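Residues in the sequence shown are numbered from 17 upward in steps of one, following this note's numbering. Each residue gets a CB set at the ideal place from its N, CA and C atoms; glycine is no exception. Note that this is a predicted model, so its numbers are computed, not measured. Structure first, commentary second.
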Amino acid sequence: MQHRGVMALIGALAGGSLYLLALMIEADWLAGRPALGVAVLAGVFFGGLMVTLGRLPLARSALGAITVAAVTAALCLFASTRFAEASDLSGSVLAILSFAVLAWLPWPFLMAQGSLGWRDYPTLFIESWGVVVRVSVALMFTGLVWLVIFLSKALLDLVGVPVLDVILDQPAAPWLITGTVLGLAMSVVSELSDVLSPGLLLGLLRLLLPVVLGVTAVFLVALPVRGFAYVFGGVSSALVLLAITGAAITLVTSALDEADPMAVSSGFMVQSARALAALVILPAGLAAWAVWQRVTEHGWTPPRLLAATAALLGLAYGAAYLAAVLRGQGWMERIRQTNIWLALALIAVAALWLSVLNPEAISARSQVARIADGGAIKVDVDLYAFKDWGLAGAAALVALHKMAATDPALAARLASAEASSSGSAPDADPQTVQRALVASLPLQPDTVEAQTLRDQIFAGVSLGDLQSWQTDCDARLPSGAPGCVLVVADFLPAMPGPEAMLVAREADGYLVTEGFSRDADGLKRHPLTSYDGAFPSFDAASALITALQAGAAPISALPLNQITVPGQPGLVFAP
């Protein structure tokens with residue numbers, strides 16, 4: 017009961033501290049980087065204290081928690097200096113994930129150090145999975161308590177007894193209640209560690225091991241048949257492979273447990289774990305190759321740096337697992353020791369991304385260098401992204417504007433990005449938007465007659481239409497080309513002069529189309545359809561636009577005959 021009281025008090029202090037911090041930020045007593053530092057310090061400290069207390073004495077638990085919290089807060093503060101505002105750090109995926117690693121992974125090592133030593137794998141294994149189970153159950157119980165509170169409030173309101181209303185109307189009440197309940201729940205689940213052991217979770221995970229092994233094997237066998245070029249079309253394929261790599265590492269670790277006596281024992285499961293451990297390097301290597309292909313084509317960006325980091329870690333796991341398996345007897349224990357060192361490596365990598373390594377600066381330098389190289393590279397650079405890359409992105413935009421003074425194509429691209437990012441603002445200049453769209457909308461064929469029709473279309477539609485088309489053009493195809501094209505040809509033989517078809521792919525992958533013609537009354541708009549009534553989407557839409565941009569689409573008559581009765585509509589077979 018004493019331990020429960022201490023944990024409940026710690027939870028209440030955590031909730032109260034965060035409430036006071038929120039008040040100070042709201043009142044502008046604390047803002048910017050100091051607010052970020054205090055928030056990270058308090059959150060990590062109280063979180064670590066509740067996770068480790070019970071496994072460690074109070075003094076040792078508090079010392080470890082404040083040490084980890086101070087280091088994490090210092091690194092987050094340092095990383096925030098890459099941005100004009102500290103709050104902008106929340107937009108950096110690598111920074112957020114690095115923070116999560118630093119705020120989570122050290123606790124098993126601290127608890128193991130207080131027991132049999134920080135390198136004792138059985139303790140590390142049990143404490144790591146135990147933290148997952150205890151925190152998950154405590155959060156579920158906290159949510160259940162709030163459900164009971166709301167139901168109780170509703171019930172008492174039915175009889176006009178607003179007791180809970182008086183309590184819940186206090187601004188600090190939700191913070192204090194949540195913290196107290198969470199601390200109490202962590203205490204109880206810690207006492208019930210034998211009942212709430214990770215054994216059930218590990219047992220369920222082991223059931224998936226043969227499934228993931230089979231799927232991975234089928235993929236690797238089918239890959240050469242299907243073709244590498246078809247599978248590795250972008251970062252999405254790398255993410256799938258990285259997810260499979262992470263799942264395989266997790267399942268192998270769960271199968272090996274803390275020591276050989278607790279590991280899987282049936283011959284089938286042992287060999288499945290061994291085979292999956294040996295195969296980890298293959299999806300990791302394929303993911304690294306897919307990321308590198310994307311980087312070679314389009315340069316570095318923060319998401320690609322994240323994918324590359326994950327791929328390198330996956331390769332490290334895969335190489336170590338394969339070496340452990342090939343060495344024969346004792347492969348399980350070698351993998352367990354590998355897990356220790358690679359977990360420490362993951363903590364070190366997270367610290368590097370918050371300190372020495374600056375993903376936004378690396379990305380900005382990469383993209384500016386690609387633009388400086390000239391050629392078609394300019395069209396596939398996402399200039400919107402620079403605004404999310406902090407001070408490095410802002411400096412890159414300044415450098416690009418200086419380059420644009422002597423580069424008309426880059427100047428048009430910058431104008432296009434700025435016009436599109438302005439949305440439908442009333443002060444947007446239609447002429448500027450038209451010039452930007454001229455630079456970014458591919459025209460086929462690019463003749464004087466086609467340009468004249470294009471300019472008439474731009475002059476005859478609304479500013480909102482122009483901005484919408486610009487947005488579609490900026491939603492790049494997997495190849496990096498604009499997601500739009502304007503095709504000019506004699507589509508309506510009964511009308512004089514050529515007509516135009518606008519074909520674009522929206523960011524969600526679906527095709528949008530519109531037709532334009534001219535007559536004595538001016539510009540006319542026509543809906544477009546296909547003979548079978550369906551438009552391509554996703555990869556098929558990208559392939560269609562790519563073909564139209566290349567001019568590889570000859571105009572042909574529709575292969576139909578109709579019944580023609582004077583004065584009556586013709587009748588044709590529907591597809």
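Query	Result
Do you know how far the Cα of residue 106 is from the Cα of residue 475?	42 Å
Use the C-beta contact count for residue 251: other C-beta atoms within 10 angstroms, 16 or more gives buried, fewer gives exposed.	In this predicted model, residue 251 has a pLDDT of only 45, less than 50, meaning its place in the structure is not dependable enough to derive any value.
Are the CB atoms of residue 141 and residue 349 nearer to each other than 8 Å?	no
Cα separation between residue 419 and residue 497?	22 Å
For residue 421, count neighbouring C-beta atoms within 10 Å of its own C-beta (all shown protein chains included) and say buried if the count is 16 or more, exposed if not.	exposed
Counting only runs that start and end within the segment 484 to 550, where is the beta strand (DSSP E) found for 3 or more residues in a row?	500 to 505, 515 to 521, 527 to 535 and 538 to 542
Just reading off the alpha helix (DSSP H) that residue 18 is part of, what are its end residues?	18 to 42
Going by DSSP, name the residue or residues bridged to residue 553.	526
Suppose you measure from the CA of residue 345 to the CA of residue 301; what does that come to, to the nearest Å?	26 Å
In this structure, does DSSP put residue 579 in helix, strand or coil?	strand
Among 84, 69, 188 and 230, whose alpha-carbon lies nearest the alpha-carbon of residue 150?	69
In whole angstroms, what is the alpha-carbon distance linking residue 363 and residue 303?	22 Å
From residue 369 to residue 546, what does the alpha carbon distance come to, in whole angstroms?	50 Å
Expressed to the nearest angstrom, what Euclidean distance is found between the alpha-carbon atoms of residue 209 and residue 34?	29 Å
So residue 289 packs on residue 271, CB below 8 Å; how close in whole Å?	4 Å
With residue 529 and residue 539 assumed to form a contact (beta carbons below 8 Å), what rounded beta-carbon distance in angstroms separates them?	That pair is no contact at about 17 Å.
Between the Cα of residue 451 and those of 104, 408, 485 and 460, spot the shortest distance and give me the residue it belongs to.	485
What do you reckon, are the CB atoms on residue 224 and residue 267 nearer than 8 Å?	yes
How far does the alpha helix (DSSP H) with residue 276 in it reach, from first residue to last?	Unbroken run through residue 276: none, as it is neither H nor E.
Using a Cβ-Cβ cutoff of less than 6 Å, which residues in the same chain neighbour residue 41 once the five nearest sequence positions on both sides are dropped?	51
Between residue 426 and residue 413, is the Cβ-Cβ spacing less than 8 Å?	no
Give a yes or no on whether the C-beta atoms belonging to residue 602 and residue 504 are separated by under 8 Å.	With the chain covering 17 to 591 only, the question about residue 602 has no answer from this structure.
Could you tell me the boundaries of the alpha helix (DSSP H) in which residue 447 lies?	446 to 456
Using the DSSP secondary-structure output, state which residues sit across from residue 460 in a beta bridge.	503
State yes or no: is the C-beta of residue 171 within less than 8 Å of the C-beta of residue 178?	no
When burial is assigned at 16 or more other CB atoms within 10 Å of the CB, is residue 526 buried or exposed?	exposed
Between residue 29 and residue 80, what straight-line distance do the alpha-carbon atoms span, to the nearest angstrom?	18 Å
Given a cut-off of 8 Å on the beta-carbon distance, is the pair residue 127 and residue 198 in contact?	no
Tell me the residue span of the alpha helix (DSSP H) that contains residue 115.	109 to 120
Which residues bound the alpha helix (DSSP H) around residue 139?	137 to 174
If I follow the unbroken alpha helix (DSSP H) through residue 365, where does it start and stop?	347 to 369
So, helix, strand or coil for residue 72, using DSSP?	strand
Return the residue from the list 339, 57 and 78 that minimises the CA-CA distance to residue 22.	78
Does DSSP put residue 132 in a helix, a strand or coil?	coil
For residue 587, does the three-state DSSP call read helix, strand or coil?	strand
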